[in-house]
Amino acid sequence: MGLILLGCSPIPFVLKYVSLRIIPTEIHTSEKASLSSYLLTDVQKVMGAEAKESSSGRELVQSEEGKNLEPYVGMEFESEEAAKAFYNDYACREGFVMRIDQCRRSEVDRRILSRRLSCNKQGYYVKARDEFGPVRKPRTSTREGCKAMMLVKIDKSGKWIVTRFVKEHTHPLVSGRPACNAMDSKDRKIQELMMELERQDRLCEVYRDQLLTLLKNVEDQTKLLSNKIQVVVNSVKECEEVTKTSTA
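Listed below in structure tokens is the structure:
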């Protein structure tokens, strides 16, 4: 039995699909409800974990604001969100804008294993060659090849550790917290879209894992029913043979 996922389905649709298409009619109503409840509970756990991560990130920044901490190699965070929140607060104090940069994912389950947080002036603008497209008005690039960054990686214990930190910038900094408001709409939109994309990726993984679990349960139930039916068929055949023998 196979299943193709075309995108992230809302929870009600998933539950309806599970109850109407995946779970066979031979399974009792109570079993259907328990399986659907099992799926919904795990999704709610993930949503709650995401909220907890965001909350822990904000709490960390708030608790460290008065200390004016600077990132250092070996610094630990409870989550990726906490690392982002801390570096963003550090950027505001120093006078630059944080950019959520590249990440490395696991080849097995696509989990994020490392994340680079950098200055929004990191790298240089590369103009894409568009020979046949419409002529676009050239715009001023905000990138100046800045190398300031913080690299965090997740370790075996689940902690996020700073493994590399570059403090020096190649451009003047805007002193004071007003730099937080200097983020243009493009950078802000990119950050929002990346965070939403990661959230949807996690939800898709949950939906996929739970649906595969349900499919395995259905296959097990199907095998069990097939075995019972085969036993009944064999018993009927034996009775027929005994009847024929006795009448002969």
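Once you know that position 53 of the sequence shown is 44 in this note's numbering, the rest is easy, because the numbers rise by one and skip nothing.
Each residue gets a CB set at the ideal place from its N, CA and C atoms; glycine is no exception.
Residue i burial status per 10 Å Cβ neighbour count (16 or more: buried)
i	result
residue 163	exposed
residue 81	buried
residue 229	exposed
residue 203	exposed
residue 221	exposed
residue 111	buried
residue 75	buried
residue 215	exposed
residue 201	buried
residue 88	buried
Same chain, Cβ closer than 6 Å to residue i, five either side skipped, listed in chain order
i	result
residue 155	142
residue 149	none
For residue i, the residue or residues it bridges with in DSSP
i	result
residue 67	152
residue 101	According to DSSP, residue 101 bridges with nothing at all.
residue 137	113
residue 91	108
residue 84	According to DSSP, residue 84 bridges with nothing at all.
7 Å Cβ shell around residue i - same chain, five flanking residues per side excluded
i	result
residue 62	78, 81, 141, 153, 156
residue 95	104, 105
Where residue i falls: helix, strand or coil (DSSP)
i	result
residue 157	strand
residue 144	strand
residue 108	strand
Sequence-distant residues of its chain with Cβ nearer than 8 Å to residue i (five each side left out)
i	result
residue 185	91
Worksheet item: Using 8 Å as the threshold, is the region 96 to 106 in touch with the region 185 to 205, meaning 3 or more CB pairs across them?
Response: yes
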